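Notes to accompany the following structure.
In the numbering used here, the protein residues as written are 351 to 457.
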């Protein structure tokens, strides 16, 4: 259809079908690099952990690391007992030293 008020030729809109196929592991990955997602080369444990909620996995990892870090402390306490700074005599001497030097108490 020609518009008589302008000297432009008529335009026709052509619809084209576009087939979009996303990258294999989501929009953040690339086709020219190896994927970071869950693939057949991943172990079963990694696949199960990646499907769980992130908060639960992070909390579980933190608990595991705290338990591993406590093992040397537990061994030392069973062998030598508590550190000497926990004795009532040491704490009383520390409080007396703080009073003598007019320190602010650190409790």
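Quick reminder that beta carbons are idealized off the backbone N, C-alpha and C, glycines included.
It should be emphasised that the depicted structure is a prediction, and the values quoted were computed from it without experimental measurement.
Query raised in the report: Just the Cα atoms here: how many angstroms apart are residue 432 and residue 372?
Result: Going by C-alpha positions, residue 432 is about 60 Å away from residue 372.
Query raised in the report: Cα separation between residue 403 and residue 409?
Result: Straight-line Cα distance between these residues: approximately 10 Å.
**Report entry** For residue 367, the three-state DSSP class (helix, strand or coil)
**Finding:** Here DSSP, grouped into helix, strand and coil, assigns residue 367 to coil.
Query raised in the report: For residue 432, does the three-state DSSP call read helix, strand or coil?
Result: Residue 432: coil per DSSP, three-state reduction.
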